[in-house]
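Encoded as structure tokens, the structure appears first; notes follow it.
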Amino acid sequence: MMKSVGFIGWRGMVGSVLLNRMREENDFLKINPHFFSTSQLGQDGPIINNIVFKNLKDAYNIDLLKEMDIIITCQGSVYTDTIYSKLRKSNWKGYWIDAASTLRMKNDSIIVLDPINLKVIKKALNSGIKTFVGSNCTVSLMLMALGGLFSSKLVEWISVSTYQAASGAGAKHVIELLKQMGALYNAVSKDLSNNVCSILDIIKKVTKKIQDDNFPLQYFSVPLAGSLIPWIDIDMKTGQSREEWKGQFETNKILDSKNQIIIDETCVRISSIRCHSQSILVKLNKNISLKNIEEIIINHNKWVDFVPNNIEETIFKLTPSAVTGTLTIPVGRLRKSNIGDKYFSVFTVGDQLLWGAAEPLRRMLKLLINI
1 MMKSVGFIGW
11 RGMVGSVLLN
21 RMREENDFLK
31 INPHFFSTSQ
41 LGQDGPIINN
51 IVFKNLKDAY
61 NIDLLKEMDI
71 IITCQGSVYT
81 DTIYSKLRKS
91 NWKGYWIDAA
101 STLRMKNDSI
111 IVLDPINLKV
121 IKKALNSGIK
131 TFVGSNCTVS
141 LMLMALGGLF
151 SSKLVEWISV
161 STYQAASGAG
171 AKHVIELLKQ
181 MGALYNAVSK
191 DLSNNVCSIL
201 DIIKKVTKKI
211 QDDNFPLQYF
221 SVPLAGSLIP
231 WIDIDMKTGQ
241 SREEWKGQFE
251 TNKILDSKNQ
261 IIIDETCVRI
271 SSIRCHSQSI
281 LVKLNKNISL
291 KNIEEIIINH
301 NKWVDFVPNN
311 IEETIFKLTP
321 SAVTGTLTIP
331 VGRLRKSNIG
341 DKYFSVFTVG
351 DQLLWGAAEP
361 LRRMLKLLIN
371 I
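Structure below.
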């Protein structure tokens, strides 16, 4: 019998990408889907295989949720905080798959990224664990890029600088970034078509517009277009943001590390739309050649695309614009560091909404429907 699967938060960015990927992979043929809503009860749901799913169910109705074998939610932390414990206390024994961070570090949950920790996931299933959570997006993308080094237990520590897309903050933030871009263009559009106009005058007008009180700042609070934001998430009172804290703790939980791998991050928001980039310095626990490092990275999973460290291939393949909307994880700029023989640096890019969010959830659902 096909399992009943409840979907919550399927209209948002991550949820929409999840549904699109499930359509592409014909996953809906293997389940009995039910669509819930927190705000549009009774309205029409999505179209799946040319069938309109009518009468959206109440995402706050515990009795309806209890009928599901599996619930997959991309609704966010507030929804999880409100419903999850109530549902478990109602004696629901089903599987919960979540994109939000709320449950990631709980003892009775597993952070899922099956190309990296499939053995950990299977062990958890065998032990009765029923809560599975997607990881922080930069953590997932970094592990997909360097998974071979982790599985070979070669990593002593990592220092990461991230360059994170607006999509990681949410749909409203992406819209605001585009509005900021539009405001800057409109401020100088006539000057751009005037070959006589000084570039310094144009820059002056752009700067004035960025500093204008009417510049769109409802969600980011500060300009992102033409700028960057060197802080993401709340203050952990240690000098780190919560986004930076996640790097070490989530990575080690995903890997089920017996010895903690030290990971230090500086996380920066940039004006990329939906791809995160990362500049990574790695210290290995032994000296191996660049060729060996390259082979270990390439051979770990089929989504890694190694980019040779030259100008042309780097600028055409190792960028957000080249990767957006794909499952490819390009890895490039590989070189030994001046610090020493055990150190190397690398640069990687990945789609925040695919491997950074929706794809690990889709693949976890696939594992569960095949049990």
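Here the sequence shown stands for residues 1 to 371, numbered as in UniProt numbering.
Backbone N, C-alpha and C fix where the C-beta goes; we use that ideal spot for every residue, glycine too.
What you are looking at is a predicted structure, and each value in this text was computed from that prediction instead of being measured.
Suppose the cutoff is 8 Å on Cβ atoms and the five residues either side in sequence are ignored; what does the same chain contact list for residue i look like?
{"i": "Ile371", "result": "Leu125"}
{"i": "Leu290", "result": "Leu334, Arg335, Lys336, Phe344"}
{"i": "Asp81", "result": "Thr102"}
{"i": "Glu250", "result": "Arg104, Met105, Ile111, Ser135, Asn136, Val139"}
From the options, pick the residue whose C-alpha is nearest to that of residue i; which is it?
{"i": "Ile288", "options": "Leu29, Leu146, Tyr95, Tyr343", "result": "Tyr343"}
{"i": "Lys246", "options": "Lys237, Lys204, Pro230, Ile263", "result": "Ile263"}
{"i": "Lys208", "options": "Gly226, Asn338, Gln218, Glu244", "result": "Gly226"}
{"i": "Met105", "options": "Thr131, Leu228, Cys267, Ser127", "result": "Thr131"}
{"i": "Ile158", "options": "His276, Thr324, Thr266, Cys275", "result": "Thr266"}
{"i": "Gln260", "options": "Met181, Val155, Leu200", "result": "Val155"}
{"i": "Asn285", "options": "Ile315, Leu149, Pro230, Thr102", "result": "Leu149"}
{"i": "Ile369", "options": "Glu313, Asp212, Thr138, Ile70", "result": "Ile70"}
{"i": "Thr162", "options": "Gly15, Ser271, Gly340, Asn309", "result": "Ser271"}
{"i": "Cys74", "options": "Val133, Asn55, Ile31, Ser198", "result": "Val133"}
{"i": "Gly9", "options": "Ile51, Asn26, Ala59", "result": "Ala59"}
{"i": "Ala183", "options": "Leu318, Gly94, Asn214, Ile48", "result": "Asn214"}
{"i": "Arg363", "options": "Asn310, Asp108, Ile97", "result": "Ile97"}
Under 7 Å Cβ to Cβ from residue i, same chain only, skipping five residues before and after it: list those, please.
{"i": "Ile62", "result": "Lys86, Leu87, Ser90"}
{"i": "Leu113", "result": "Ser135, Ser140, Leu143, Ile254, Pro360"}
{"i": "Ala187", "result": "Lys205, Val206, Lys209"}
{"i": "Cys275", "result": "Ala165, Pro320, Val323, Thr324, Val349, Gly350, Asp351, Gln352"}
{"i": "Glu244", "result": "Glu265, Thr266, Cys267"}
{"i": "Asn252", "result": "Gln260, Ile261"}
Measure the alpha-carbon distance for residue i versus residue j and round it to whole angstroms.
{"i": "residue 399", "j": "Ile202", "result": "What the structure shows of the chain is the stretch from 1 to 371, and residue 399 is not part of that stretch, so it cannot be assessed."}
{"i": "Ala322", "j": "Gly332", "result": "13 Å"}
{"i": "Lys336", "j": "Ile232", "result": "30 Å"}
{"i": "His300", "j": "Gln240", "result": "31 Å"}
{"i": "Thr326", "j": "Thr348", "result": "14 Å"}
{"i": "Ile222", "j": "Ala169", "result": "Residue identity check: residue 222 is Val in the sequence provided, not Ile. Approximately 14 Å, taken between the alpha carbons."}
{"i": "Ser37", "j": "Gly76", "result": "13 Å"}
{"i": "Glu24", "j": "Thr238", "result": "44 Å"}
{"i": "Met13", "j": "Gln278", "result": "22 Å"}
{"i": "Gln40", "j": "Met236", "result": "36 Å"}
{"i": "Gln43", "j": "Tyr79", "result": "20 Å"}
{"i": "Lys172", "j": "Leu18", "result": "19 Å"}
{"i": "Asn32", "j": "Met68", "result": "9 Å"}
{"i": "Lys190", "j": "Leu200", "result": "15 Å"}
{"i": "Lys30", "j": "Met1", "result": "10 Å"}
{"i": "Lys122", "j": "Asp212", "result": "54 Å"}
Looking at residue j and residue i, is the spacing between their C-beta atoms short of 8 Å?
{"i": "Ser140", "j": "Trp303", "result": "no"}
{"i": "Ser152", "j": "Ile280", "result": "no"}
{"i": "Val5", "j": "Leu365", "result": "yes"}
{"i": "Ile273", "j": "Ala165", "result": "yes"}
{"i": "Arg21", "j": "Ala357", "result": "no"}
{"i": "Val268", "j": "Val346", "result": "no"}
{"i": "Lys179", "j": "Pro216", "result": "yes"}
{"i": "Val160", "j": "Ser167", "result": "no"}
{"i": "Ile298", "j": "Phe306", "result": "yes"}
{"i": "Leu228", "j": "Leu177", "result": "no"}
{"i": "Gly147", "j": "Ile116", "result": "yes"}
{"i": "Phe28", "j": "Asn49", "result": "yes"}
Can you name, in chain order, every residue of its own chain whose Cβ lies under 6 Å from the Cβ of residue i, other than the five neighbours on each side?
{"i": "Ile329", "result": "Met144, Ala145, Trp303, Val304, Gly350"}
{"i": "Asp256", "result": "Val120"}
{"i": "Trp92", "result": "Lys66"}
{"i": "Phe35", "result": "Phe7, Gly45, Phe53, Leu56"}
{"i": "Glu313", "result": "Val307"}
If you measure from the beta carbon of residue i to each beta carbon in chain D, is any gap under 8 Å?
{"i": "Asp351", "result": "The structure shown contains no chain D; it holds only a single protein chain."}
Length at least 4, wholly inside the segment 169 to 204: the alpha helix (DSSP H) runs in chain order: 171 to 192
4-residue-minimum alpha helix (DSSP H) runs that sit fully inside the segment 101 to 169, ordered along the chain: 114 to 126, 137 to 151
Every unbroken beta strand (DSSP E) within the segment 277 to 333, with a cutoff of 3 residues, ordered by chain: 304 to 306
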